[in-house]
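Trainee: I am attaching a structure below and will ask some questions about it afterwards.
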Amino acid sequence: MALNFLTISDSTRQKLINDTDNLTSNFALGYTDLYAEILYQKSAGLGTLAPESTFWYSQVADINADNQQALGSLFIRNATLYGLAWDGKVNVNFQDISDRLARAVISDVVKTGKIYETDYTLQFDIKTALQYGNVTIGGWGGAFYYWTTPYEGTKTVGELVLQDPFQYNKFLATTTDALLKTAAAAIQSLAKTPTFDNLWSAVQQAVPTAIQASAPLNVKADIVGRAFDTLLGGNVAGDPNRIFGYIYLGNNPFDGKSLWLKTLDAYFNTERNISGNDQLDQLRQERISAQTVANDSLISIPSQSHYLSDLTHYIPTNDSHAVLTSSIDPQITATAGTASSSALLANNAIVSTNANQHLSDSGLVA
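Note that our numbering has the sequence shown beginning at 3, numbered continuously upward.
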């Protein structure tokens, strides 16, 4: 059974102090020391942390070091940087945020002599990012992985995201964008042809435990649906006329107010807390504005329809989404094909239209 913490020796504590120059720098090396200690104690039978905790400690050194060859680091940074850009905060120093986090985490280990589970440690991560870096919960790169981690009393990260439709709106865009860009980077590093099959294979491997992340199935399905839509010519910010089960019908000719059709998706997903047409109008405007937001990502890959450059093998059919989902976890794609997923996968006509337009724009078909 996993422990709540691992106790370190005085020599390990001193090594952390020395390697980080008395807790002032070289924090990636300090993180490396922590992960090495976790692996040592596990192999020696002294104790283990929960898998999600071990995973976090395995990733943070690369994130802090800005290792652009490490896919987990690219995912976290891309999602967080896009979240900042979404909110118009383009001058935030990500490295400074990361260093402050690392100093807090490593200093606590030195002070207590204990390496804690992430339920405790991630309080530093989330609070440092949100309070110092002005990152919102929906734009934080770790939200996808640590959906069930407690934060702010009895609330979890996921509950905070879902209770605010504006945060969930942002979360879907930033997470999908980061996942696609990280997968595209994986394809590039393997020198593979950027086809749909290769991309979706990379999506499942690009970020370790991506499909096994703690976000629930319906949230993963929303991300998969958004990713398909993006690859077929949509925008990663989302369709402004289809929002969480509501379809924009235009404005009432008599009073000029917006008209929205509530579908079954909206009835089934009441946790999104849509309060009325005014809020839908704001979400619609947010998506429209976000379509022009420059994502200051770490990978120079054009957005939207250019995640992949070779679509010649793909021929849209009436079963377009069935073709595309062949290599994805069947549970997730099955959910993505129901009313609770994005409208893209629930409506083959939209898929085929977007795909044909994309192929036409690419010059691949007349």
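Using N, Cα and C, we set each Cβ at its ideal position, and we do this for glycine too. In this text, all values refer to a predicted model and were calculated from it rather than measured experimentally.
1) Cα separation between phenylalanine 57 and leucine 31?
2) Which runs of the alpha helix (DSSP H) spanning at least 4 residues fall entirely within the region 143 to 197, listed in chain order?
3) Is leucine 25 closer than 9 Å to leucine 112 when the C-beta atoms are compared?
4) In this structure, does DSSP put lysine 91 in helix, strand or coil?
5) Tell me where the alpha helix (DSSP H) around threonine 14 begins and ends.
6) Under three-state DSSP, which class holds isoleucine 245?
7) Specify the secondary structure class of leucine 234 as computed by DSSP and reduced to three states.
8) Helix, strand or coil for serine 260, going by three-state DSSP, please let me know.
9) In angstroms with no decimal places, state the Cα-to-Cα distance between aspartate 89 and proline 218.
10) Might you give, ordered along the chain, the residues of its own chain that have their beta carbon closer than 8 Å to the beta carbon of arginine 252, omitting 5 neighbours on each side?
11) For a test of the three-state rule: what should DSSP assign to isoleucine 276, helix, strand or coil?
12) Determine the burial state of asparagine 20: buried for a count of at least 16 other Cβ atoms within 10 Å of its Cβ, exposed for fewer.
13) Quick check: the Cα distance between threonine 178 and threonine 232, rounded to an integer number of angstroms?
14) Given that a residue counts as buried once 16 or more other Cβ atoms are within 10 Å of its Cβ, and exposed if not, what is leucine 18?
15) For alanine 187, which of Gln70, Gly49 and Ala63 has the nearest alpha-carbon?
16) When the distance is taken between beta carbons, is valine 94 closer than 9 Å to asparagine 66?
17) From this set, Leu48, Glu288, Leu282 and Gly47, which residue's C-alpha is nearest lysine 172's C-alpha?
18) When you compare only the Cα positions, how much space is there between tyrosine 147 and serine 216?
19) In whole angstroms, give me the CA-to-CA distance for isoleucine 10 and aspartate 64.
20) Which term fits glutamine 97, buried or exposed, when burial requires 16 or more other beta carbons within 10 angstroms of its beta carbon?
21) So is aspartate 224 buried or exposed if we call it buried at 16+ other beta carbons inside 10 Å?
22) If we ignore side chains and look at the alpha-carbon of each, how far apart do lysine 157 and proline 255 end up?
23) For the putative contact between proline 167 and phenylalanine 270, defined by C-beta atoms under 8 Å, what is the C-beta separation to the nearest angstrom?
24) Ignoring anything shorter than 3 residues, give me the beta strand (DSSP E) runs that lie fully in the region 94 to 138, in order along the chain.
25) Near glutamine 61, which residues of its chain fall below 6 Å by C-beta distance, leaving aside the five closest residues on each side in sequence?
26) Since tyrosine 176 and glycine 141 are thought to touch, with beta carbons under 8 Å apart, how far apart are those beta carbons, to the nearest angstrom?
27) Whose CA, out of Leu76, Leu41 and Asp68, lies closest to the CA of tyrosine 59?
28) If contacts are defined as beta-carbon pairs under 8 Å, then leucine 124 and arginine 274 qualify, I think. What distance do you get, rounded to the angstrom?
29) Who are the near neighbours of glycine 115 in its chain, counting only those whose CB is closer than 7 Å to its CB and skipping five residues on each side?
30) DSSP three-state call for threonine 265: helix, strand or coil?
Mentor: Result, derived from the coordinates:
1) 17 Å
2) 159 to 164 and 167 to 191
3) Residue identity differs from the one stated: residue 112 is valine in this sequence, not leucine. Their beta carbons are under 9 Å apart, which means valine 112 touches leucine 25 by this criterion.
4) coil
5) Going by DSSP, threonine 14 is part of the alpha helix (DSSP H) stretching over 12 to 21.
6) strand
7) coil
8) strand
9) 25 Å
10) Note on residue identity: the sequence assigns glycine, not arginine, to residue 252. These residues qualify, in order along the chain: Ser260 and Leu261.
11) coil
12) exposed
13) Cα to Cα, the separation comes out at about 9 Å.
14) buried
15) By alpha-carbon distance to alanine 187, the top candidate from Gln70, Gly49 and Ala63 is Gln70.
16) no
17) The candidate whose alpha carbon is nearest that of lysine 172 is Glu288.
18) 5 Å
19) 22 Å
20) Glutamine 97 counts as exposed, since fewer than 16 other beta carbons sit within 10 angstroms of its beta carbon.
21) buried
22) Cα to Cα, lysine 157 sits roughly 43 Å from proline 255.
23) Their Cβ separation, rounded to whole angstroms, is 15 Å, which puts proline 167 and phenylalanine 270 out of contact at 8 Å.
24) Within the region 94 to 138, the complete beta strand (DSSP E) runs of at least 3 residues are 116 to 118.
25) Non-local C-beta neighbours of glutamine 61 in its own chain, meaning closer than 6 Å and more than five positions away in sequence, comprise Gly74, ordered along the chain.
26) Just to set this straight, residue 176 is threonine in the shown sequence, not tyrosine. The distance from the Cβ of threonine 176 to that of glycine 141 is about 5 Å, consistent with a contact at the 8 Å cut-off.
27) Leu41
28) Between arginine 274 and leucine 124 the Cβ distance is about 25 Å, and since that is not below 8 Å, they are no contact.
29) Thr9, Ile10 and Arg15
30) coil
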